[in-house]
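Residue numbers (my numbering): 407 to 648.
Below, the structure written as structure tokens:
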């Protein structure tokens, strides 16, 4: 059985105060990598054959801090920056996937950051995946224009007002995730009227990643399903009402 020589390059745009829960969604991609499956093969020999089919997955943590410096995330977590946005190693066209976790929805981002993200989005072969409030950063980068997008369920009105004139159709009140071209975005199910009862607060990033893996041609179907099953995601329907 021939091995898969492909390397899939993923860049996580992790800015200061990024949502740790959203960043964690990238681990589903990690479970779909040859590196991870090779680790499992010693304890689970049947996995070895599948591991040969899996692509190598390289994940970079891109930020506005310098490489080696911490990126302060929520819950007092610190991520290690591997590349500054100006690094040629992560220049537009070098990444297969740019993953945008949640950010402070009231923040304004530097042109260096938004230009970098916009340039990646201009490459048809680069997929942009936005989780929760990452939609605000993507909006400032101009990636919402004329597209169907999600974003947090209870912030649909704010998104409509903030990005008025972008021609975007916001569907986060109906859908857990949506794809429009090379842009994927997910919602957050957190009805404000219910927050004291803790009846919401679920990020839909894992749902989106599972749907992306199933649809993407970058991963063999068996590898995608193995990663989805092993992380126990991907079972919820796209529509909240279903």
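Glycine included, C-beta positions come from ideal geometry on N, C-alpha and C. Just so it is clear, the structure is predicted and the values come from calculations on it, not from any experiment.
Using CA coordinates, which residue listed in 461, 637, 455, 541 is at the minimum distance from residue 512? 541
Distance between residue 446 and residue 565 (C-alpha atoms, nearest Å): 43 Å
Assigned secondary structure, residue 598 (DSSP; H/G/I helix, E/B strand, else coil): No answer about residue 598 holds up, because its pLDDT of 49 lies below 50 and its placement is not dependable.
At least three beta-carbon pairs within less than 8 Å, the stretch 607 to 619 to the stretch 431 to 444: yes
DSSP-derived helix/strand/coil call for residue 585: strand
Report back the beta-carbon spacing between residue 612 and residue 584 to the nearest angstrom; my notes put them in contact at under 8 Å. Their Cβ separation, rounded to whole angstroms, is 15 Å, which puts residue 612 and residue 584 out of contact at 8 Å.
Give me, in chain order, the residues of the same chain whose beta-carbon lies closer than 8 Å to that of residue 476; leave out the 5 immediate sequence neighbours on both sides. Excluding residues within five positions, the ones whose Cβ falls inside 8 Å are 484, 485, 486, 487.
Just how far apart, CA to CA, sit residue 480 and residue 515? Computed Cα separation, rounded: 18 Å.
Please confirm if the stretch 520 to 533 is in contact with the stretch 550 to 566, defined as three or more CB-CB distances below 8 Å between the two stretches. No, the stretch 520 to 533 does not touch the stretch 550 to 566.
Does the beta-carbon of residue 423 have 16 or more other beta-carbons within 10 angstroms, so that it is buried, or is it exposed? Per the 10 Å Cβ criterion, exposed.
Three-state class that DSSP yields for residue 479 in the structure shown: The answer is strand: DSSP assigns residue 479 an E or B state.
Let me know the alpha helix (DSSP H) ranges lying completely inside the stretch 485 to 538, each 4 residues or longer, listed in chain order. 517 to 527
How long is the line joining the alpha carbons of residue 492 and residue 518, rounded to whole angstroms? Looking at the two C-alpha atoms, the distance is approximately 8 Å.
What's the gap between the Cα of residue 550 and the Cα of residue 455? Answer to the nearest angstrom: the Cα atoms are 41 Å apart.
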